[in-house]
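The next block holds one structure in the form of structure tokens; read it before the comments.
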Amino acid sequence: MFLVRLIYVSQTTDQFKSEDIKNILSASKENNAKAGLTGILGFSHNTFLQCLEGSRKAVNALYHQILNDERHQNIILIEYAEIAQREFSKWGMGYLPDTALTSSINLKYSGNDQFTPYEMTGDSVHKMLLELCDQVEVI
Ligand code: FAD
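If you read the sequence shown in our numbering, its first letter stands for residue 81, the second for the next number, and so on.
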């Protein structure tokens, strides 16, 4: 089955508690490995940025679950593409801590030095995630 990449951005709701990040990551690492999914999750200033890779069926099924998760809102699909190969295959769900999202990386890929993925193109977000995964320690 062929591969797709899906990238979305969202914001926390009042139901989100700081310990949820740990829970989301541990559930993701376990569930995603079983479903053949890989990807990266960034989190800064109450904003999630997530890239999912896997079969079209698995990516769509997880995205539906994620859309129904009440811990986040304003979920906007940034990019959906058919891909030839995975780029984040090292991680069932790697985590980029907010310290990775520095002013200089934000300025390189967006119109200012803040983390504003809602205002970025899919191409910029994708390239920014690739650079970050090369440069910082993904948890
Ligand atoms: P259950 O754990 O039984 O969840 C039942 C319902 O409750 C779901 O709608 C779930 O979204 C919601 N829920 C679960 N825990 C809480 C809580 N503490 N507070 C409020 N609502 C809750 N899951 C993955 O498997 N892989 C991922 O890559 C992934 N990425 C995510 C990224 C973000 C930004 C968020 C917010 C969630 C992510 N999740 C991910 C979690 C996903 O939304 C589901 O919670 C998870 O897949 C389990 O769902 P479930 O219905 O099978 O199980």
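Even for Gly, the Cβ is constructed at its ideal location relative to N, Cα and C.
Since we're looking at a predicted model, the values are computed, not measured.
Contact test: residue i Cβ vs the ligand FAD heavy atom, cutoff 7 Å
i	result
N126	no
I120	no
Q95	yes
A107	yes
I104	yes
E150	yes
Q91	no
L132	yes
Q145	yes
D214	no
N112	yes
L187	no
Own chain residues within Cβ distance below 6 Å of residue i, not counting five before or after
i	result
A113	G172
Y198	V89
K109	G172, M173
D193	S183, N186, L187
Spatial distance of residue i from residue j (CA atoms)
i	j	result
T196	M81	34 Å
E162	L83	6 Å
Y189	F96	28 Å
L210	E167	8 Å
K137	A115	10 Å
C213	N140	24 Å
I299	T93	The first residue shown for the chain is 81 and the last is 219, placing residue 299 beyond what the model contains.
Sub-8 Å separation of residue i and residue j beta-carbons
i	j	result
N126	Q91	yes
I87	C131	yes
E133	L157	no
H206	E159	yes
Cβ neighbours of residue i in the same chain (closer than 7 Å, five flanking residues each side left out)
i	result
L181	G122, S124, F195
V216	L176, A180
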